[in-house]
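Participant: Residue numbers in the sequence shown follow my numbering, run continuously in steps of one, and reach 197 at the last position.
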Amino acid sequence: MKLNKKYWEQRYAENRMGWDIGHVSTPLKTYIDGLQNKELKILIPGAGHGYEVSYLHQQGFTSVYAVDYAAAPLQRILKENPDFPEDQLIEGDFFELEESGFDLILEQTFFCSLPPDLRPKYVQKTFDLLKNGGTLSGVFFNFPLTEQGPPFGGDLELYKELFQPPFRIRTLEGSYNSIPPRQGNELFFIFTK
């Protein structure tokens, strides 16, 4: 199975989005609520329906970017936020993204949707997209790595091995405020370039 643009467009067209909880995930909402600088340049890869994108925009963050293979989720973000800067919604392949200098990359379900052989490429790409001192933060799924997916899973030791180096791990721990269906199956993290 090739997880390409056609695959993701099909998932949206068939409304097969098991990862979609219908709102901003609690761990990310809590993290966003603690951010003070509304001018941070923020990227959300694999934005999905863009709950985090919309929430950031509604909270006054002015430089929020989203990238997704599929057009449908980006169109939904615009429909719900007509004043959102359209040039900050990027339809395309995350790995081909040329915009850089991000202060923060927020990770929700994108990483665990990638086939495991692409994970080292993700680590390098996020590192390259961030400015020096920038932050990669969000949640990873915490269940055994599987051959079937997405999501493909992973655990704390695997993530440590993948991300350090090049990142400095500031936080990597069980998420205390996951929604009930995900309790015990999410790790919250903050990594610094």
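No residue lacks a Cβ here, since even glycine has one placed at the ideal position from N, Cα and C.
For Glu177, is the classification buried or exposed, using 16 other Cβ atoms within 10 angstroms of its Cβ as the cut-off for buried?
Facilitator: Answer is exposed; the Cβ neighbour count stays below 16.
Participant: Roughly how many angstroms separate the alpha carbons of Leu32 and Glu100, rounded to a whole number?
Facilitator: Going from the Cα of Leu32 to the Cα of Glu100 covers about 25 Å.
Participant: Using only the alpha-carbon positions, how far apart do Phe193 and Glu111 sit?
Facilitator: Rounded to the nearest angstrom, the two C-alpha atoms are 9 Å apart.
Participant: Applying the criterion that 16 or more other CB atoms from any shown protein chain within 10 Å of the CB defines a buried residue, is Pro77 buried or exposed?
Facilitator: The residue is buried, with at least 16 neighbouring Cβ atoms inside 10 Å.
Participant: Can you tell me where the alpha helix (DSSP H) with Lys42 in it begins and where it stops?
Facilitator: Neither: Lys42 is in no alpha helix (DSSP H) and is coded neither H nor E.
Participant: Taking only runs that begin and end inside the region 83 to 144, name each unbroken alpha helix (DSSP H) of 4 or more residues, in chain order.
Facilitator: Runs of the alpha helix (DSSP H) inside the region 83 to 144: 114 to 117, 123 to 133.
Participant: Starting from the Cα of Asn189, find the closest Cα among Gly158, Pro170, Ile48, Gly138 and give me that residue.
Facilitator: The shortest C-alpha separation from Asn189 is found at Gly158.
Participant: Can you have a look at Met5 and say buried or exposed, based on whether 16 or more other CB atoms are within 10 angstroms of its CB?
Facilitator: Caution applies to Met5, whose pLDDT of 45 falls short of 50 and renders its modelled position unreliable; the value that the coordinates give is listed next. Burial call: exposed.
Participant: Alpha carbon to alpha carbon, how far is Ala51 from Thr113?
Facilitator: The straight-line gap from Cα to Cα measures roughly 9 Å.
Participant: Work out the CA separation of Pro86 and Phe195 for me, nearest whole Å.
Facilitator: Approximately 33 Å between the Cα atoms of the pair.
Participant: Classify Asn146: buried if its beta carbon has 16 or more other beta carbons within 10 angstroms, exposed otherwise.
Facilitator: Result: buried.
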